[in-house]
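Each position in the sequence shown, counted from 1, maps to that position plus 5 in the working numbering.
Down below is the structure, laid out as structure tokens.
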Amino acid sequence: MTKTNWQGIHSVLVTPFLPEGPIDFPRFEALAEANIANGADGLIVCGSTGEFYAMTVAERVKLFEATVKVAAGRVPVLAGVSDLHTDIVLELTRAAETTGCDGILALPPIYAKPDLREAEHFYRRICAASGLPVMLYNSPVRIGVNITPDLVARLAEIPNVVAIKDSSGDIQQVAELCQKVKGELAVFVGYETMIRSSLPLGVVGVVAMAHQLSGRLVRRYFDACAAGDAATADRLEPALFAIYRCFKSGSFYAGIKAAMNALGQPVGIPREPLLPFTDAQLASVAKILADADVAATIKTLA
6 MTKTNWQGIH
16 SVLVTPFLPE
26 GPIDFPRFEA
36 LAEANIANGA
46 DGLIVCGSTG
56 EFYAMTVAER
66 VKLFEATVKV
76 AAGRVPVLAG
86 VSDLHTDIVL
96 ELTRAAETTG
106 CDGILALPPI
116 YAKPDLREAE
126 HFYRRICAAS
136 GLPVMLYNSP
146 VRIGVNITPD
156 LVARLAEIPN
166 VVAIKDSSGD
176 IQQVAELCQK
186 VKGELAVFVG
196 YETMIRSSLP
206 LGVVGVVAMA
216 HQLSGRLVRR
226 YFDACAAGDA
236 ATADRLEPAL
246 FAIYRCFKSG
256 SFYAGIKAAM
266 NALGQPVGIP
276 REPLLPFTDA
286 QLASVAKILA
296 DADVAATIKT
306 LA
């Protein structure tokens, strides 16, 4: 039996910024509320999609507080605590607990590219700093470190390690991971495009980027895949996959905001080091969305 009931769609929130730079908290709170209304089973604040790397510790703590306030116990809130400095990760972990978050999401040490021994030491230290449940986060493309299924199985021995987000994009690794830990940890994939292939393996949820910009599209798609409703999944899949093509039209996290803005959900532009999409990139996003009738598909699910 797994240690947690976390499952389904855990939406990782973007952080809207005002033109002059500060966080647009009213817009952020409205976005968090819309995510819940559209069927999110959990919220993740200050993940990579939320541009944690471009914010101060104080800003991130304020976002933890804002998300907890909006969720009001309706869905779990996970705080992204990843950082280059272990001391800052520890500080954020303590802040997540103080502000009332239900758990944390933590990458292995970023940039440093630790080996597996060092990654294990890091996670054990973070887990010892708080009693909050922990979702491990494997993102080898961005971090340069692959948290192997064997390492995950060892980390599963830690009482407050309860879940893992696997963004390897490797269905073979996901299958091996589920074989090793699905009775102990809640296994999530990091891309909605893997929902259909991964649920039969024992995956219980997705840390979702597209949910926040697509109304009930991801909710309906997830439920259809879970129920084996191939007809509905087939109908919705082109729009979902088109959204992911938009993300890949430039820098991934800038692409998420570009797609949201194009679909009438203004969230501003990314903070540097990322830049807003160029006119050519925006035109590409608009064409992708139009060719797949994404807005029309979303409207049918309202």
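For each residue, glycine too, the CB sits at the ideal point set by N, CA and C.
All values derive from a computational prediction rather than experimental measurement.
- Measuring C-alpha to C-alpha distances from residue 306 to each of 220, 14, 140 and 292 identifies 220 as the nearest.
- The region 253 to 264 and the region 63 to 78 do not touch, with fewer than three beta-carbon pairs separated by less than 8 Å.
- For the 7 Å CB-CB criterion, residue 85 and residue 127 do not form a contact.
- Taking a cut-off of 8 Å on C-beta distances, the region 170 to 186 does not touch the region 115 to 127, as fewer than three cross pairs fall below it.
- Residue pairing from DSSP places residue 193 in a beta bridge opposite 170 and 210.
- With fewer than 16 other beta carbons inside 10 angstroms of its own, residue 146 counts as exposed.
- Rounded to whole angstroms, the Cβ separation of residue 66 and residue 107 is 16 Å, and the two are not in contact under 8 Å.
- Within the same chain, and ignoring the five residues on either side of residue 279 in sequence, the residues whose Cβ sits closer than 7 Å to its Cβ are 256, 258 and 259.
- In this structure, DSSP gives residue 17 an extended state, which the three-state scheme calls strand.
- Between residue 199 and residue 17 the beta-carbon gap is near 15 Å, outside 8 Å, which marks them as no contact.
- In the three-state scheme derived from DSSP, where H, G and I count as helix and E and B as strand, residue 33 is classed as helix.
- The straight-line gap separating the alpha-carbon atoms of residue 22 and residue 143 is approximately 27 Å.
- Under DSSP, residue 84 takes part in a beta bridge, and its partners are 50 and 109.
- Residue 167 and residue 157 have their C-alpha atoms roughly 11 Å apart.
- Residue nearest to residue 264 within the set 246, 243 and 287 is 287 (criterion: CA-CA distance).
- Residue 79 is positioned such that its CB atom lies closer than 7 Å to that of residue 41.
- Contact check between the region 40 to 54 and the region 241 to 251: fewer than three CB pairs, one atom from each, fall below 8 Å, which does not count as touching.
- It is roughly 10 Å from the alpha-carbon of residue 155 to the alpha-carbon of residue 161.
- One alpha carbon belongs to residue 302, the other to residue 69, and they sit about 32 Å apart.
- DSSP places residue 22 in the strand class (E or B) of the three-state scheme.
- When 222, 61, 97 and 296 are compared, the shortest CA-CA separation from residue 14 is found for 222.
- Residue environment analysis places residue 179 among the buried positions, since at least 16 neighbouring C-beta atoms fall within 10 angstroms of its C-beta.
- Counted as a single uninterrupted DSSP element, the stretch harbouring residue 137 is not any beta strand (DSSP E), since DSSP gives it neither H nor E.
- Rounded to the nearest whole angstrom, the C-alpha separation of residue 87 and residue 60 is 12 Å.
- The Cβ atoms of residue 170 and residue 212 lie closer than 7 Å to each other.
- If the five residues before and after residue 105 are omitted, its C-beta is found closer than 6 Å to the C-beta atoms of 73, all from its own chain and listed in chain order.
- Spatial neighbours of residue 272 in its own chain (CB-CB distance under 6 Å, excluding positions within 5 residues in sequence) are listed in chain order as 19, 21, 262 and 265.
- Taking each of 173, 246 and 281 in turn and checking the Cα distance to residue 298, the smallest one comes out for 246.
- Between residue 207 and residue 193, the C-beta spacing is not below 7 Å.
- By the Cβ neighbour-count rule, residue 217 is buried, with 16 or more other Cβ atoms within 10 Å of its own.
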